[in-house]
Amino acid sequence: MLSTAAFSLGYDIKEEEVPFELSEHADLATRLAFQLTAQKKEKGGNPAQMAQEIAAAVSADSLKKADLIEKITVQGPYINIFASGKYLEKTVENVVSEKEKYGSGKKTEKILLEHTSANPNGPLHVGHIRNAILGDTLYRILKKAGYDVEAQYYVNDIGRQIAVLSWASSKYPLNRDIKPDYAIVDVYVKANEEIAKDETINEHIEALMKKVESGDKGTIESFTAAVNMAIAGITETLLLMNVKHDKFVRESQFIENGAVWNVIDRLEKTGKTKDADGALVVDLSDYGFEKTLVIRRSNKTSLYTTRDLAYHEWKAPQCDRMIDVFGADHKLISGQLRAALQLLGEKTPEVVIFEFVSLPEGSMSTRRGVFITADELLKQMMDKAYEEIEKRRPEESEGFKKEVAKMVGIGATRYDIIKVSSDKSTVFDWETALDFEKQGAPFIQYAHARAANILAKAEEDGSISAAGINAGFADYALLTEPQETAFIKRIALFEQKIEESAAGLKPHIFAIYARELADDFNQFYRYVPVLNVEDAELKKARLALTFSGKTAIANALSCLGIDAPKSM
RNA sequence: GGGCUCAUGGCUUAGCCUGGAUAUAGCGUCGGGCUUCUAACCCGAAUGCCGGGGGUUCGAAUCCUCCUGGGCCCGCCA
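For the first sequence, the residue numbers in the working numbering are 85 to 652.
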């Protein structure tokens with residue numbers, strides 16, 4: 085519409101090129117005038133004047149047809165657009181009829197998303213959970229955007245670390261009474277201490293690795309047993325955090341089926357490989373990497389990178405896009421991986437990098453036994469939440485308190501991690517971690533509980549029948565209070581925020597939106613009574629909005645992997 | 001030494017890609033609000049040379065460049 089108006093004034097701009105932005109001054113604003121002034125050859129155009137001209141050129145006819153727009157105003161160089169009552173009514177009706185599907189996008193591509201993939205040599209620590217939560221939230225947001233997403237955990241069940249583990253579990257007794265990943269890390273740390281003292285052990289380790297690559301069954305079984313124990317423990321922790329993987333892909337399969345050797349052959353055929361002291365390296369200088377990448381050791385065994393190449397080659401034909409979530413330490417290697425895949429003419433993964441979580445005393449290390457486990461953090465968070473609920477709702481049952489403490493503790497942990505942009509490095513400390521940010525997950529969950537409470541009471545007093553709230557429940561034109569319209573406009577942004585978050589692979593954008601949604605609900609809750617209004621029709625309309633708000637908040641929390649309590 | 005990345009009130013942080021209307025929000029501080037649907041809530045106040053220098057531009061937190069400081073990487077580890 086604006087482009088037509090601009091066109092009539094002699095400017096060449098396409099509809100989709102008009103820049104729109106959200107603004108505090110209007111529902112939608114555009115800086116079109118700035119852009120067109122710049123487009124003018126002769127300088128000195130006046131953007132403010134231009135905006136007037138464009139707005140004036142918008143014909144009354146076209147404005148009438150666009151019934152979702154109330155009015156268009158000009159403020160200096162800005163053209164402001166205001167939503168109509170019809171737009172608001174339509175939003176509420178959409179949520180009421182779509183319910184848990186509200187806010188879904190229409191994307192259709194298949195995405196393979198790899199995340200977490202922590203080495204199975206011990207429990208997850210607080211660094212890993214940044215990967216897991218970032219990955220899982222991305223998974224949920226991409227799914228909401230409509231994509232067909234499969235989350236994969238790439239299990240390193242074959243490298244040197246696992247050989248150490250296999251050696252360790254045969255040498256030291258495994259404690260069967262504790263969580264299996266803890267039993268594993270105990271012997272793993274002991275073994276590494278031993279190796280540091282006695283270098284000859286390395287010969288045993290190397291022998292084990294060779295046996296595995298040559299397909300020795302007994303050794304493979306010993307590796308697998310250790311890996312399975314660790315993975316069992318890790319999966320338990322992930323489940324507690326609501327993190328779900330569709331598939332666990334074992335690295336060893338690419339050795340067993342020969343895919344790794346096939347990749348090496350094909351790389352050799354590109355003519356970019358050469359021998360370096362018996363090892364096979366590939367030259368990636370065409371892609372800006374000065375150092376060569378080793379793809380086969382001089383003892384003819386494969387490396388992690390080589391197996392990862394085979395993994396990506398295997399994934400590529402199964403999907404439209406590959407996304408990998410990695411820590412900052414993988415920046416270089418993932419760049420080399422992409423380059424090598426390009427060299428082979430393969431599809432390359434999009435890599436989401438998150439910066440490190442370190443401890444005040446330095447970085448974490450499973451090998452050295454220096455880490456704070458995810459389980460420990462989650463337990464402390466749940467304990468803290470339990471204390472809070474105990475204070476606020478002492479009369480409730482033990483089961484209720486435990487359930488809410490879990491939802492809040494896990495939610496707070498997820499939200500604290502996801503709300504911060506992944507390119508900020510952080511230092512973990514208990515005080516900050518356990519300080520429930522006021523506008524974190526509990527804030528959003530609380531808004532949901534308040535809405536649920538209103539609806540529960542309305543069901544009791546018969547305002548809502550057993551059929552619940554469905555399309556055409558009320559006359560939404562009655563929702564005219566400023567807190568109501570502000571809240572509805574926020575709800576209307578849901579899908580756009582999902583798309584924005586999905587397009588940029590930035591879950592924190594959506595996390596912030598969820599908080600804003602709760603914020604606007606609280607305004608509505610504080611200033612607009614629902615149950616205590618006389619007018620039956622108005623009450624119905626407000627109940628419908630309460631329902632829409634609760635649904636939008638629940639859907640938002642679901643995208644963040646946070647449970648929505650009915651009461652807390 | 002080289003590469004990548006981050007720097008925004010006392011603390012944590014959004015905005016930066018795609019430059020434009022008084023720089024976002026929380027914590028903390030100070031003050032106010034439960035006879036009204038759950039106060040894990042709401043309202044108000046104070047607090048900013050957007051790390052520093054230079055440049056591009058009518059206009060820079062945003063783009064370019066140099067510098068300083070933190071994180072990560074530069075293995076025949078993963």
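Glycine included, each C-beta is placed from N, C-alpha and C at the ideal position. Every value quoted in this text rests on a predicted model; they were computed, and no experiment measured them.
Burial state of Ile163 (16 or more Cβ within 10 Å): So Ile163 counts as buried.
Can you tell me whether DSSP reads Lys125 as helix, strand or coil? In this prediction, Lys125 has a pLDDT of 44, which is less than 50 and means its spatial position is unreliable; what the coordinates show is noted afterwards. The answer is coil: DSSP assigns Lys125 none of H, G, I, E or B.
I'd like the ranges of any alpha helix (DSSP H) spanning at least 4 consecutive residues and lying wholly in the stretch 245-317. Listed in chain order, the complete alpha helix (DSSP H) runs (minimum 4 residues) inside the stretch 245-317 are 264-281, 285-297.
Enclosing beta strand (DSSP E) for Ala648 [first to last residue]: Bounds of any beta strand (DSSP E) do not take in Ala648, whose DSSP letter is neither H nor E.
Distance between beta carbons of Phe438 and Arg665, contact taken as under 8 Å: Look at the range of the chain in this structure, 85 to 652, and you will see that residue 665 is not part of it.
According to the Cβ coordinates, are Glu579 and Gly189 closer than 8 Å? With respect to the 8 Å criterion, Glu579 and Gly189 are classified as neighbours on the basis of their beta carbons.
What does the alpha-carbon distance come out to for the pair Lys127 and Leu106? Confidence in Lys127 is poor, its pLDDT being 43 and thus under 50, which makes the residue's placement unreliable; the coordinate value appears in the next sentence. Counting only the Cα atoms, Leu106 lies some 28 Å from Lys127.
One question on the structure: do Val327 and Ala469 come within less than 8 Å of each other, judged by their Cβ atoms? In this structure, Ala469 does not lie closer than 8 Å to Val327 by Cβ.
Could you check the C-alpha separation between Tyr237 and Leu208 for me, to the nearest Å? It is roughly 13 Å from the alpha-carbon of Tyr237 to the alpha-carbon of Leu208.
Could you pull the DSSP bridge partners for Ser181 from this structure? Bridge partners of Ser181: none, in fact.
Assuming Leu539 and Thr630 make a contact with CB atoms under 8 Å, what is their CB distance in whole Å? Here Leu539 really is in contact with Thr630; their C-beta atoms are around 6 Å apart, less than 8 Å.
For Ala525, which option in Ala640, Asp367, Glu480, Ile417 has the closest C-alpha, if you only look at C-alpha atoms? Considering only alpha carbons, the answer is Ala640.
Should Asn205 and Ala314 be called a contact, given that it needs their Cβ atoms to be closer than 8 Å? For the pair Asn205 and Ala314, the CB atoms are nearer than the 8 Å cut-off.
Taking Ala235 as the reference, which of Gly483, Val333, Glu480, Leu563 has the closest Cα? Ranking Gly483, Val333, Glu480, Leu563 by CA distance to the CA of Ala235 puts Val333 first.
If we ignore side chains and look at the alpha-carbon of each, how far apart do Val158 and Ala167 end up? In a straight line, the C-alpha of Val158 is about 15 Å away from that of Ala167.
Using 10 angstroms around the beta-carbon of Pro257, count the other beta-carbons present and answer buried if the total reaches 16, otherwise exposed. Pro257 should be labelled exposed.
Do Leu428 and Arg534 have their C-beta atoms closer together than 8 Å? Leu428 places its beta carbon 8 Å or farther from that of Arg534.
Since Ala496 and Met465 should fall inside the 8 Å C-beta cutoff, what is the C-beta to C-beta distance between them, to a whole number of angstroms? Contact between Ala496 and Met465 is confirmed by a C-beta separation of about 6 Å, below the 8 Å threshold.
What three-state label does DSSP hand Leu425 in the structure shown? Note: Leu425 maps to helix in three-state DSSP.
Met325 by DSSP, collapsed to three states: which one? Of the three classes helix, strand and coil, the one that applies to Met325 here is coil, per DSSP.
In the structure shown, what three-state DSSP assignment does Ser442 receive? Strand at Ser442.
Are there 16 or more other CB atoms within 10 angstroms of the CB of Arg380, so buried, or fewer, so exposed? By the neighbour-count criterion, in which a residue is buried when 16 or more other Cβ atoms sit within 10 angstroms of its Cβ, Arg380 is buried.
What is the rounded straight-line gap between the Cα of Glu544 and the Cα of Ile553? Cα to Cα, Glu544 sits roughly 14 Å from Ile553.
DSSP beta-bridge partners for Gln236? When beta bridges are read from the DSSP output, Gln236 appears opposite Glu198, Lys331.
With H, G and I counted as helix, E and B as strand and the rest as coil, what does DSSP make of Arg350? Arg350: helix per DSSP, three-state reduction.
Which same chain residues, not among the five before or five after Leu563, have their C-beta less than 6 Å away from its C-beta? Once the five neighbours on either side are set aside, the close Cβ partners of Leu563 are Ala625, Leu629.
Going by beta carbon distance, what residues of the same chain come within less than 8 Å of Tyr560, once the five residues before and after it are set aside? Excluding sequence neighbours, Tyr560 sits near Leu172, Glu173, Val176, Glu177, Ala625, Ala628, Leu629.
How many angstroms separate the CA atom of Pro649 from the CA atom of Phe608? About 19 Å.
Is the stretch 297-310 close to the stretch 275-287, with three or more CB pairs under 8 Å? Contact between the stretch 297-310 and the stretch 275-287 is absent, with fewer than three C-beta pairs closer than 8 Å.
Reduced DSSP secondary structure (H/G/I, E/B, other) of His657: As shown, the chain starts at 85 and ends at 652. That puts residue 657 outside it, with no answer to give.
Determine the closest residue to Val378 out of Ser547, Pro566, Ser386, with distance taken between C-alpha atoms. Per the C-alpha coordinates, the member of Ser547, Pro566, Ser386 positioned closest to Val378 is Ser386.
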